[in-house]
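> One structure is given below, represented as structure tokens, and several questions about it will come after.
Number of protein chains: 2
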Amino acid sequence: MSTTTPQIPSVARPKRADALRNYERLLITARDAFAEGGSATSLEEIARRAGVGIGTLYRHFPNRQALLEAVYVEEVESLCRSADDLAELPPWEALSRWLHRFVAYMATKQALAAELLAYVDRDADLFQGCRRAFYGAGEPLFVRAQEAGVVRSDTGFDEVIQMVAGITKMPSASPQQIERVLDMALDGLRYGASA
Amino acid sequence: MSTTTPQIPSVARPKRADALRNYERLLITARDAFAEGGSATSLEEIARRAGVGIGTLYRHFPNRQALLEAVYVEEVESLCRSADDLAELPPWEALSRWLHRFVAYMATKQALAAELLAYVDRDADLFQGCRRAFYGAGEPLFVRAQEAGVVRSDTGFDEVIQMVAGITKMPSASPQQIERVLDMALDGLRYGASA
DNA sequence: AACTATACGGAGGGTACCTCCACTTTGTCA
DNA sequence: TGACAAAGTGGAGGTACCCTCCGTATAGTT
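If you read the protein sequences in the order shown, they are chains A and B. The opening position of the first sequence corresponds to residue 1 in this note's numbering, with each subsequent residue numbered one higher. The opening position of the second sequence corresponds to residue 1001 in this note's numbering, with each subsequent residue numbered one higher.
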């Protein structure tokens, strides 16, 4: 299943060793900084924290939008790749865990996505690609669970994603509440399954 | 019906004549500028266009958020007041026109609302108040139409607003498309009415 | 007309995004 | 291995934006 991991226009890494090092430090630092500061962190701050000059940051990411995009894509890819780890688990277990990760991911990335939407519009390649990636990674887990008879047969992956996406948008709910609601929703997904 | 127009924490106008003049010019200029530039316009630009100094702008609106809020509230109030103009019209005509205005309003104010949401959270007084105002203004039109038998009786104003709000969020649709979809949805609202 | 509370305007402080270019490092090829 | 070109680095500084401060001007009152 590892070959099914779909590739988004995946960001082209730089070639030289030092450049690659700096690139990845910047990406990680930016991810963490945005997670804390809700995407309000300045690029200067990120460069400083990553221990590189501001010029270096701009060599790798020509503007703020580019950095936001790169962080976003990186996270989506990581979430999709993480579906592979779950291939060994029983079908239900795998699907359920992945959806939990999906929700946790959305919780932290909402501010980032909101700012990105101010730059690019909703159906830009970026988001299209990410949606395709989500489907490519999650749908096999779903189908497997359905074929194993642990998920009701009268629904589709689309509906599940929409339901789960809706849950992530619950206004001002604590992470615990969201987890509980997700579990309830997932119980509904099992209800009436053949096994 | 003009007394039913609900008041949002309505912005307190300044007292002195010159101050009031400047205040309103700023508000109008800001509204137009945000409508064009999608809320990206700078406050300096707005002050310049309104023909006042930047200090004057800041005297009336202590920061960017305050100006955005004032424009937003002003527009909501205006939309709600406009329900009064429609009181003379036949019930269906009145409801239908007001919902069209609602959609047109949403189309232009989406960017503004998006930036506001970055400052205040979704269930702040601001938005609560605006929702109350919407209901106060629109529900009587709806009830009147329903009582006149030109709107089906098996639905409520909540549902209609949600449906219409959904239409306003149609991604990258032209104003004409939105109008057409709204008309179709409104036909659905009439379907099976008694008259 | 004099007076005072209110309002005006814009210079300037602080910070953010981004550009430019002199200098350094990496990797390659004779 | 050492020299050299290509690639990469860092930070001063340009421009724009938000906002503060305060000396000046004006509306409304007595």
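Even for Gly, the Cβ is constructed at its ideal location relative to N, Cα and C.
Are the C-beta atoms of residue 165 (chain A) and some chain B residue less than 8 Å apart?
Position 165 of the first sequence, counted from the first residue, corresponds to residue 165 (chain A). It does not: the Cβ of residue 165 (chain A) has no partner Cβ on chain B nearer than 8 Å.
> Taking its Cβ as the centre, do 16 or more other Cβ atoms sit within 10 Å of residue 91 (chain A), making it buried, or is it exposed?
What you label residue 91 (chain A) is simply residue 91 of the first sequence in a count that begins at 1. Counting Cβ neighbours within 10 Å, residue 91 (chain A) comes out buried, since at least 16 surround it.
> In terms of alpha-carbon separation, which member of B:1043, B:1020, B:1021, B:1019 lies closest to residue 1030 (chain B)?
Here residue 1030 (chain B) is taken as the residue at index 30 of the second sequence, counted from 1. Nearest of B:1043, B:1020, B:1021, B:1019 to residue 1030 (chain B), Cα basis: B:1043.
> Using the C-alpha atoms, what's the distance from residue 1117 (chain B) back to residue 1049 (chain B)?
Sequence index remark: in the second sequence, residue 1049 (chain B) carries index 49 (1-based). Sequence index remark: in the second sequence, residue 1117 (chain B) carries index 117 (1-based). Those two C-alpha atoms are separated by around 26 Å.
> If you compare alpha carbons, which of B:1167, B:1152, B:1121 is closest to residue 1191 (chain B)?
Within the second sequence, residue 1191 (chain B) is the residue found at index 191, counting from 1. Among B:1167, B:1152, B:1121, the Cα nearest to that of residue 1191 (chain B) belongs to B:1152.
> Does chain B have any CB closer than 8 Å to the CB of residue 33 (chain A)?
Working through the first sequence from its first residue, we reach residue 33 (chain A) at position 33. So, not an interface residue.
> Give the straight-line distance between the Cα atoms of residue 59 (chain A) and residue 1184 (chain B), rounded to the nearest whole angstrom.
Position 59 of the first sequence, counted from the start, is the residue given in the question as residue 59 (chain A). Position 184 of the second sequence, counted from the start, is the residue given in the question as residue 1184 (chain B). Cα-Cα distance, rounded: 51 Å.
> Since I believe residue 149 (chain A) is in contact with residue 82 (chain A) (beta carbons under 8 Å), could you give me their beta-carbon distance rounded to a whole number of angstroms?
Start at 1 with the first residue of the first sequence, and residue 82 (chain A) comes out as number 82. Start at 1 with the first residue of the first sequence, and residue 149 (chain A) comes out as number 149. The Cβ separation is near 25 Å, so there is no contact.
> So, with DSSP's three-state summary, where would you put residue 1005 (chain B)?
If you number the second sequence from 1, residue 1005 (chain B) lands on position 5. A caution first: residue 1005 (chain B) carries a pLDDT of 46, below 50, which makes its placement in the model unreliable, though a value can still be read off. Coil, per DSSP.
> How many angstroms separate the CA atom of residue 1176 (chain B) from the CA atom of residue 1068 (chain B)?
For the purposes of this step, residue 1176 (chain B) is taken as residue 176 along the second sequence, with counting starting at 1. For the purposes of this step, residue 1068 (chain B) is taken as residue 68 along the second sequence, with counting starting at 1. The alpha-carbon atoms of residue 1176 (chain B) and residue 1068 (chain B) are separated by roughly 28 Å.
> In chain A, which residues lie less than 9 Å from residue 1104 (chain B) when you measure between Cβ atoms?
As a first step, residue 1104 (chain B) is located in the second sequence; it is residue number 104 there, counting from the start. None at all; the shortest Cβ gap to chain A is about 20 Å.
> Report the rounded CA-to-CA distance for residue 160 (chain A) versus residue 137 (chain A), giving the unit in angstroms.
Residue numbering aside, residue 160 (chain A) sits at position 160 when the first sequence is read from its first letter. Residue numbering aside, residue 137 (chain A) sits at position 137 when the first sequence is read from its first letter. Going from the Cα of residue 160 (chain A) to the Cα of residue 137 (chain A) covers about 14 Å.
> Counting along the chain, where does the alpha helix (DSSP H) carrying residue 1170 (chain B) start and finish?
For this step, residue 1170 (chain B) is matched to residue 170 along the second sequence. Neither: residue 1170 (chain B) is in no alpha helix (DSSP H) and is coded neither H nor E.
> Check this for me: beta carbons of residue 1027 (chain B) and residue 1052 (chain B), under 8 Å apart or not?
Locating residue 1027 (chain B) in the second sequence gives position 27, counting from the first residue. Locating residue 1052 (chain B) in the second sequence gives position 52, counting from the first residue. No.
> By DSSP, does residue 12 (chain A) sit in helix, in strand, or in coil?
Along the first sequence, one-based indexing puts residue 12 (chain A) at 12. It is coil, neither helix nor strand.
> Where in the segment 1064-1136 of chain B do unbroken runs of the beta strand (DSSP E), each at least 3 residues long, occur, reported from the N-terminal end onward?
none
> Along the alpha helix (DSSP H) that carries residue 56 (chain A), what are the first and last residues, could you check?
Stepping through the first sequence from its first residue, residue 56 (chain A) is reached at position 56. According to the DSSP assignment, residue 56 (chain A) belongs to the alpha helix (DSSP H) that extends over 54-60.
> Can you give me the C-alpha to C-alpha distance between residue 179 (chain A) and residue 97 (chain A), rounded to a whole angstrom?
By 1-based counting over the first sequence, the position of residue 179 (chain A) is 179. By 1-based counting over the first sequence, the position of residue 97 (chain A) is 97. Cα-Cα distance, rounded: 11 Å.
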